[in-house]
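J.: FYI, in our numbering the residues of the sequence shown are 447 to 847.
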Amino acid sequence: MKKALQFGAGNIGRGFIGQLFYESGYEIVFVDIADDVVNEINLRQHYKINFACEPPQQVVITGIRAVNAQNVEKVAEEFATAHIVCTAVGVNALSKIAPAIAKGIELRASYRKTGPVNIIICENLRDANHFLREQVMHYLKPDLHDYLHSHIGFVMSVVARMVPFQSHDREPDDALSVLVEPYKILPVDKSAFVGRIPKIVGLEPRDNFAAWVDDKLYTHNCGHAVAAYLGYIRGHKFMHTALLDPFIKKTTYAAMSETGNALIRHYRINPKEHWRHVDDLIARMANRNLGDQVVRVGRDPLRKLAQNDRLIGAARFCIENGVFPENVCLGIAAALFFDYPDDPTAEYVRSIVENEGPATALERVSGLSDGDPIRDAVLNLVPTIKNISAVDTHNDNVPDD
447 MKKALQFGAG
457 NIGRGFIGQL
467 FYESGYEIVF
477 VDIADDVVNE
487 INLRQHYKIN
497 FACEPPQQVV
507 ITGIRAVNAQ
517 NVEKVAEEFA
527 TAHIVCTAVG
537 VNALSKIAPA
547 IAKGIELRAS
557 YRKTGPVNII
567 ICENLRDANH
577 FLREQVMHYL
587 KPDLHDYLHS
597 HIGFVMSVVA
607 RMVPFQSHDR
617 EPDDALSVLV
627 EPYKILPVDK
637 SAFVGRIPKI
647 VGLEPRDNFA
657 AWVDDKLYTH
667 NCGHAVAAYL
677 GYIRGHKFMH
687 TALLDPFIKK
697 TTYAAMSETG
707 NALIRHYRIN
717 PKEHWRHVDD
727 LIARMANRNL
737 GDQVVRVGRD
747 PLRKLAQNDR
757 LIGAARFCIE
767 NGVFPENVCL
777 GIAAALFFDY
787 PDDPTAEYVR
797 SIVENEGPAT
807 ALERVSGLSD
817 GDPIRDAVLN
827 LVPTIKNISA
837 VDTHNDNVPD
847 D
């Protein structure tokens, strides 16, 4: 049986990639740092994926086991005999798996008969493939660098499946089950594979992959963030209720239209296909069966307000392509006032806004200096954010209001 090595047994690893590997006939070996997750996988040897749709659907993932990420030798052994590898560990943990991958490559090379293997990278980081390759090379012996280039593919992907905060109220004894949306397409960079591209359910190799990366960041991520931050300001708990709010839905669509026009101009993508894509995204974001919360989508505003991320990066991309991002800037202004108390970076941004003002926050967090058109537009919209009154959200306490 073919073996897939999955770094990260979290919501995306279990709730998305695990499904694709299972449906493609792979044995799945998860690598995770959490002892409880590793132990539970090895004890149960299966888990359930529940789909947020009508009628409800479920798939049971079997043929699984797990290894603790701290056991570098064991992880390396699994890597050395894997047919496909994937990462979904989060940006901050990506460098931490590099030593085990390097050790695995060393073992793979020593086996000689072992063919090439591709690492599909499912991380929310631009150029994550180059970053991980550099990290691995740092731990790899110089005489194996040629082997890495000829035998190891670092393949970028675009993960678009939405996975909300997980609540196990209905199944308190099942910590592995995951609730997800049914969407299961995983675009990957066709040009980055070494050797044959594996046949995996949902895997869609794409040319001109930069366009797909920018589309994910500037259409999906940007629109999602605009809706979440405005939803928070307006007092909504859930994304689906936020997108039932006419003001938020209109503004979100307008922001995605701004980035869409910029993408169409820059990459010459098919307009009709793109606008269908936007409509589909908004419908998926508004899926009430998902019960996705605005605080999940808006979490970590420090990262999401960074210079090259989904908001500032989208606004900059719009301007570079002759589109003024008025509605994207309204989302940026809303993000400055995302003060969810359980979010550490929200507290950091809020403290700057309260103590030193929005202009200082934009300079320190987003790198926007005096005279920047994005900065000026956002500051002009701050009074609008302050004047947006919370709507009646008395039904917002339940996912199916």
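Virtual Cβ for every residue (Gly too), placed ideally from N, Cα, C. Here the structure is a predicted model, which is why all the values come from computation and not from measurement.
Roughly how many angstroms lie between the CA atoms of V828 and L757, to the nearest whole one?
T.: Your numbering for residue 828 matches position 382 in the sequence shown. Your numbering for residue 757 matches position 311 in the sequence shown. Answer to the nearest angstrom: the Cα atoms are 15 angstroms apart.
J.: Would you say V647 and K662 are within 9 angstroms of each other, going by their C-beta atoms?
T.: The residue given as residue 647 occupies position 201 in the sequence shown. The residue given as residue 662 occupies position 216 in the sequence shown. Result no, Cβ atoms of V647 and K662 do not sit closer than 9 angstroms.
J.: Taking a contact to mean a Cβ-Cβ separation below 9 angstroms, would you say A701 touches V774 in this structure?
T.: Taking the sequence shown and counting its residues from 1, one reaches residue 701 at position 255. Taking the sequence shown and counting its residues from 1, one reaches residue 774 at position 328. Contact flag set, yes.
J.: Roughly how many angstroms separate the alpha carbons of I487 and Y794, rounded to a whole number?
T.: Locating residue 487 in the sequence shown gives position 41, where the first residue counts as 1. Locating residue 794 in the sequence shown gives position 348, where the first residue counts as 1. Rounded to the nearest angstrom, the two C-alpha atoms are 37 angstroms apart.
J.: Give the single residue among K542, A780, V609, I507 whose Cα lies nearest to the Cα of G681.
T.: Position 235 of the sequence shown, counting from 1, holds the residue named residue 681. The residue with the shortest Cα to Cα distance from G681 is A780.
J.: Taking its Cβ as the centre, do 16 or more other Cβ atoms sit within 10 Å of S556, making it buried, or is it exposed?
T.: Within the sequence shown, numbered from 1, the residue matching residue 556 stands at position 110. Exposed: under 16 other Cβ atoms inside 10 Å.
J.: Is the distance from the Cβ of A708 to the Cβ of F763 below 9 angstroms?
T.: Translated into positions along the sequence shown, residue 708 becomes position 262. Translated into positions along the sequence shown, residue 763 becomes position 317. For A708 and F763, yes; Cβs fall inside 9 angstroms.
J.: Mapping the DSSP letters down to three states, classify G599 as helix, strand or coil.
T.: Against the sequence shown, residue 599 aligns to sequence position 153. Strand at G599.
J.: If I follow the unbroken beta strand (DSSP E) through N564, where does it start and stop?
T.: Walking along the sequence shown from the start, residue 564 turns up at place 118. Run containing N564: 563-567, per the beta strand (DSSP E) assignment.
J.: DSSP state of D635, grouped into three classes?
T.: As a first step, residue 635 is located in the sequence shown; it is residue number 189 there, counting from the start. D635: strand per DSSP, three-state reduction.
J.: Give me the residue from V563, A480, H595, G561 with the minimum Cα distance to H576.
T.: Residue mapping note: residue 576 aligns to position 130 of the sequence shown, counting from 1. Residue H595 is the option with its Cα nearest to H576.
J.: Excluding five sequence neighbours on each side, which residues of the same chain lie with their C-beta closer than 6 angstroms to the C-beta of Y468?
T.: The residue given as residue 468 occupies position 22 in the sequence shown. I507.
J.: Please report the Cβ distance between D620 and K494, rounded to the nearest whole angstrom; I am assuming they are in contact, meaning their Cβ atoms lie under 8 angstroms.
T.: The residue you call residue 620 lines up with position 174 of the sequence shown. The residue you call residue 494 lines up with position 48 of the sequence shown. Right, the Cβ-Cβ distance comes to about 7 angstroms (below 8 angstroms), so this counts as a contact.
J.: Any idea what DSSP makes of A528, helix, strand or coil?
T.: Counting from 1 along the sequence shown, the entry for residue 528 is found at position 82. Note: A528 maps to coil in three-state DSSP.
J.: Would Q753 be called buried (16 or more neighbouring beta carbons within 10 Å of its own) or exposed?
T.: Within the sequence shown, numbered from 1, the residue matching residue 753 stands at position 307. Exposed, by the Cβ-count rule.
J.: Mind checking P628: buried by the 16 CB within 10 Å criterion, or exposed?
T.: Numbered from its first residue, the sequence shown carries residue 628 at position 182. P628 is exposed by the Cβ-count criterion.
J.: Using three-state DSSP, classify H670 as helix, strand or coil.
T.: The count along the sequence shown starts at 1 and reaches residue 670 at position 224. Three-state DSSP puts H670 in a helix.
J.: Are the region 568-583 and the region 597-615 touching, with three or more C-beta to C-beta distances below 8 angstroms?
T.: Because the criterion of three Cβ pairs below 8 angstroms is met, the region 568-583 and the region 597-615 touch.
J.: Would you report the Cα separation of G759 and Y664, rounded to the nearest angstrom?
T.: Counted from its first residue, the sequence shown places residue 759 at position 313. Counted from its first residue, the sequence shown places residue 664 at position 218. Rounded to whole angstroms, G759 to Y664 spans 8 angstroms at the Cα level.
J.: What distance in whole Å lies between the Cβ atoms of I598 and V563, which are believed to be in contact at a cut-off of 8 angstroms?
T.: As a first step, residue 563 is located in the sequence shown; it is residue number 117 there, counting from the start. As a first step, residue 598 is located in the sequence shown; it is residue number 152 there, counting from the start. The Cβ separation is near 6 angstroms, so the contact holds.
J.: Cα separation between L451 and L540?
T.: Counted from its first residue, the sequence shown places residue 451 at position 5. Counted from its first residue, the sequence shown places residue 540 at position 94. If I take the Cα positions, the gap works out to 15 angstroms.
J.: On the CB-based measure, 16 or more other CB atoms within 10 Å of its CB, does S797 come out buried or exposed?
T.: On the sequence shown, position 351 is the one that residue 797 refers to. With fewer than 16 Cβ atoms within 10 Å of its Cβ, S797 is classed as exposed.
J.: What does the alpha-carbon distance come out to for the pair G817 and L808?
T.: By one-based count along the sequence shown, residue 817 stands at place 371. By one-based count along the sequence shown, residue 808 stands at place 362. Rounded to the nearest angstrom, the two C-alpha atoms are 12 angstroms apart.
J.: What residues in its chain sit with their C-beta under 6 angstroms from that of L622, if we drop five residues either side in the sequence?
T.: Position 176 of the sequence shown, counting from 1, holds the residue named residue 622. Around L622: E486, Y493.
J.: So what does DSSP say about I643, is it helix, strand or coil?
T.: Stepping through the sequence shown from its first residue, residue 643 is reached at position 197. Three-state DSSP puts I643 in coil, outside helix and strand.
J.: Count the other C-beta atoms from every protein chain shown that fall within 10 angstroms of the C-beta of F783, then say buried if there are 16 or more, exposed otherwise.
T.: Sequence index remark: in the sequence shown, residue 783 carries index 337 (1-based). Flag for F783 reads buried.
J.: Just to confirm before moving on: does the CB-CB distance between I728 and L689 stay below 9 angstroms?
T.: Translated into positions along the sequence shown, residue 728 becomes position 282. Translated into positions along the sequence shown, residue 689 becomes position 243. Their beta carbons are under 9 angstroms apart, which means I728 touches L689 by this criterion.
J.: Please determine, among N538, V537, I543, the residue with the shortest C-alpha to C-alpha distance to V531.
T.: Your numbering for residue 531 matches position 85 in the sequence shown. Of N538, V537, I543, the residue nearest in Cα terms is I543.
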